[in-house]
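First up is the structure itself, then whatever we jot down about it.
There are 2 protein chains.
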Amino acid sequence: MMLAPATALSLGLRVLSEAPDASAALVAAQTPPGLHTDLTALQRLAADCDVVTFDHEHVPPEHLQALEAGGATIRPSAAALVHAQDKLVMRERLAAIGVPCPRWAAVHDAGELAAFGDEVGWPLVVKTPRGGYDGKGVLVADSLDDAADWLGRLDAGEALLAEEKVAFRRELAVLVARSPMGQAAAWPVVETVQEDGICTEVIAPAPGLSPAMAAAATEAALRIAGELDVTGVLAVELFELHPSPGDHARSPRDGGPAGANVHDHEGEGAGFVVNELAMRPHNSGHWTIDGSVTSQFEQHLRAVLDLPLGDTRPRARWTVMANVLGGDYPDLYTTYQHVLAHDPSLKVHLYGKSVRPGRKIGHVTVCGDDLADLRERARHAADYIQGVVTE
Amino acid sequence: MMLAPATALSLGLRVLSEAPDASAALVAAQTPPGLHTDLTALQRLAADCDVVTFDHEHVPPEHLQALEAGGATIRPSAAALVHAQDKLVMRERLAAIGVPCPRWAAVHDAGELAAFGDEVGWPLVVKTPRGGYDGKGVLVADSLDDAADWLGRLDAGEALLAEEKVAFRRELAVLVARSPMGQAAAWPVVETVQEDGICTEVIAPAPGLSPAMAAAATEAALRIAGELDVTGVLAVELFELHPSPGDHARSPRDGGPAGANVHDHEGEGAGFVVNELAMRPHNSGHWTIDGSVTSQFEQHLRAVLDLPLGDTRPRARWTVMANVLGGDYPDLYTTYQHVLAHDPSLKVHLYGKSVRPGRKIGHVTVCGDDLADLRERARHAADYIQGVVTE
């Protein structure tokens, strides 16, 4: 999805491509072959590029450091990106700069996990620090037993990230971009609707969000971008907390001193905590392709190349994006024809990926004034394309 | 510019590409080499495609007929496209279906041209029926002498197209799309501003256009699309006539019987005459990329593939597109950086073409509510990128 803005701005885009039938290789002119885990392939790519950037965070940090040592310009840098690659590193850093987080601990063994659970209460959320996405690498543990497998697989010195299970009102995301010269720009805060750990829908802007909360969330994202020296797009996923008294952020547990390895809330009273970070165009920002003056893909390119950033204003009162997940129908062309006929204003985006159940294989976007109508149309179209509904 | 919507809709796009450094070959994955005048190359392309379409009208008609005879699906068909390839064929057909045209004649020699000039008055507009674009192949003749060279080069049976020089108020364009199943959709009528025969600016919708004129122009374009069995995008360029009494459409000359080879106005009183046709995404429709729910490039693909057509509504009250013409600066990257900084809402589109003076090498688009402001911003940005102004 970076190809269209790269083409418009006459920027030469080379995409390291794992296979001849990978999405990028199907459409882009320059897709040198190679795996993102192959240092030699990465070095060959970097030698041909002024700037190297990412559409995922799975390139090994040590490879990025090696590229930088070899003189390549990596944006975001290896030092910044590690905060999106390692959830423990992220939590430590956000705590240090006072960004609101769930209470959390690095747990090396069952004893530490039990102590943390006693402190903040079960169930807990347990995460592998690296490699998770779309709910993978995340476990909700009702008791120590539920995490026994993961704990048993830890090597000496390795830790899991344990977090309190936050009772949140809904999930939000803030998308910002920052350039090496320090220019930054933020899109409106959005609501992300999740099912089974997978984002199914994004509403821009987040309905009913208080201006104070929107400003605080945006400020936090811009501060993270600046403090971590992020270049390119940064997505910050948030839990919006319940506003009523007696909610977890004000619970009696918070009153006493925290256990030695328990990191308490920072920035209490903000009304939100940070869940995850991503340093690249992100699913929560796909609405910007059709819904904002500048899409996250164009902005990411502008940011990593230190070009002036574009206008992030929305182009309509509401934009709704629904993900198309792999379903029963392998032939999307047949189903999306009906959707195009049914809704001429709908924008369909397919990724050229093979259909596997639950895999994000595309999205649809609608813009307009009537939010309920837009949500219904986006949901119906996404369900129809993936074969969930047939009328 | 068709690549982005083809990618979003997961449509495999193969572009016959004349050179490895041609615009399409720089960005698209599948750009088989070949000239559009090489029948073998065309046949190889067609063998790999479900549908063959165009981004210019210079493929020889006899080649298109040969492809069709060989079983290829050409959209628009050779029979339709010839009306955009041959201005005499176009005039004959539009006259036959009663679409308003300037008075015109096919002239085979000086005698016929002189007779036509005596009938409609000098100066005349003389055109080569085939191969012209951007003012090339068009001559304003004040007298017979001015056309002597062109007349002298005619082979036996060949003719030039002579037209009265219409005193028009301004130039308009109507863009429509039509699919094989007969679905059709029209964008709002736009104003096109020309300098030296080259379009420099497009304003959507045309400011101050009467609803009646807009409806009549749109109806004419849809009728042309239907009568000529056009598939894909059709651009109809119009002259809007002066509304005052005594204008050419009501001139005394029109009162008497026309000379034998003079085709009189059809549809008099419509307030416009048709200048040119194009059957492909057209410069007058570049505003739709950023300014309409469905761009002309997406719509063209949907139309030629017989997919349901998309919503043609504008996304803002006004959209202004200004062409970037080749100027003194070969390095556009340096100049457009300043423009991006100066106007974060501006959308820049460069075509990856080498810079030659006067060549269309890109365009810029702005959308908003204040037309005067938008025109100033678009003009400044286009001038700055091409090096006409330096502040």
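Protein sequences appear in the order of chains U and F. Residue numbering for the first sequence follows UniProt numbering, starting at 1 and increasing by one per position. Residue numbering for the second sequence follows UniProt numbering, starting at 1 and increasing by one per position. We put the beta carbon where it would ideally sit given N, CA and C, even for glycine.
Check	Outcome
Classification of S354 (chain F) by the beta-carbon crowding that lies within 10 angstroms, buried from 16 upward	exposed
Amino acids of chain U, ordered along the chain, whose beta-carbon sits closer than 8 Å to that of residue 460 (chain F)	Here chain F has residues from 1 to 391 only, and residue 460 (chain F) is not among them.
Beta carbon proximity, T40 (chain U) to chain F, threshold 9 Å	no
Distance CB(L175 (chain F))-CB(D109 (chain F)) smaller than 9 Å	no
Chain U contacts made by the segment 347-368 of chain F, where a contact means CB separation under 7 Å	V348, H349, L350 and G352
Beta carbon of A6 (chain F) nearer than 9 Å to that of V388 (chain U)	no
Touching by the beta-carbon criterion (3+ pairs, under 8 Å), the segment 285-294 of chain F and the segment 337-344 of chain F	no
Buried or exposed by the 16-neighbour rule on C-beta atoms within 10 Å, applied to D383 (chain F)	buried
Same chain, Cβ closer than 8 Å to G157 (chain F), five either side skipped, listed in chain order	H108
Whole-angstrom C-beta distance between V230 (chain F) and R178 (chain F), which should lie under 8 Å	5 Å
Proximal chain U residues relative to R315 (chain F), where beta-carbon distance stays under 7 Å	R315
Chain U within 9 Å of L13 (chain F), Cβ atoms only	yes
For T40 (chain U) and V236 (chain F), the rounded distance between their alpha carbons	54 Å
Contacts of S345 (chain F) in chain U (Cβ-Cβ under 9 Å)	V293, T294, G310, D311 and R313
Simplified DSSP state of I289 (chain U), which is helix, strand or coil	helix
Contacts of L81 (chain F) in chain U (Cβ-Cβ under 8 Å)	By Cβ distance, chain U contributes nothing, its closest Cβ being about 25 Å from L81 (chain F), past 8 Å.
Within the segment 120-191 of chain F, ranges of the beta strand (DSSP E) (whole runs, at least 3 residues)	124-127, 138-141, 160-164, 168-178 and 184-186
Cβ-based neighbour list, G255 (chain U), same chain, cut-off 6 Å, excluding 5 preceding and 5 following	For G255 (chain U), the predicted model reports a pLDDT of 36, less than 50, meaning its position is unreliable; a value from the coordinates is still stated below. Around G255 (chain U): no qualifying Cβ.
Residue-chain proximity (L340 (chain U), chain F), Cβ-Cβ < 9 Å	yes
At least 3 beta-carbon pairs within less than 8 Å: the segment 122-140 of chain F vs the segment 79-99 of chain F	yes
Residue-chain proximity (T200 (chain F), chain U), Cβ-Cβ < 9 Å	no
Nearest neighbour of A24 (chain U), chosen from U:A4, U:L11 and U:S10 [CA to CA]	U:A4
Contact with chain U by R75 (chain F), beta-carbon distance below 9 Å	no
Pick from U:E62, U:D48, U:A220 and U:R379 that is closest to V320 (chain U), judged by C-alpha positions	U:R379
V126 (chain U) beta carbon near the ligand PLP (any heavy atom closer than 8 Å)	You won't find the ligand PLP in this model; it holds no ligand whatsoever.
Proximal chain F residues relative to A28 (chain U), where beta-carbon distance stays under 8 Å	V27, A28 and A29
Helix, strand or coil at H63 (chain F) according to DSSP, with G and I counted as helix	helix
L332 (chain F): contacting residues in chain U (beta-carbon distance under 7 Å)	S10
Short Cβ contact (9 Å threshold) for L350 (chain F) with L325 (chain F)	no
Sufficient close CB pairs (3 or more, under 8 Å) joining the segment 219-233 of chain F to the segment 275-283 of chain F	yes
Within chain U, the residues that L301 (chain F) reaches when beta carbons sit closer than 7 Å	Neighbours of L301 (chain F) on chain U: none; closest Cβ ~11 Å, over 7 Å.
Where Q90 (chain F) falls: helix, strand or coil (DSSP)	According to the sequence displayed, residue 90 (chain F) carries Met and not Gln. Residue state, collapsed to three classes: helix.
Helix, strand or coil at M213 (chain U) [DSSP, three-state]	helix
Partner residues on chain F for L3 (chain U), Cβ-Cβ distance less than 8 Å	L3, A4, T7 and V27
Member of U:P76, U:L144 and U:L139 whose CA lies at the smallest distance from the CA of F116 (chain U)	U:L144
Coil, strand or helix - Q194 (chain F) by DSSP	strand
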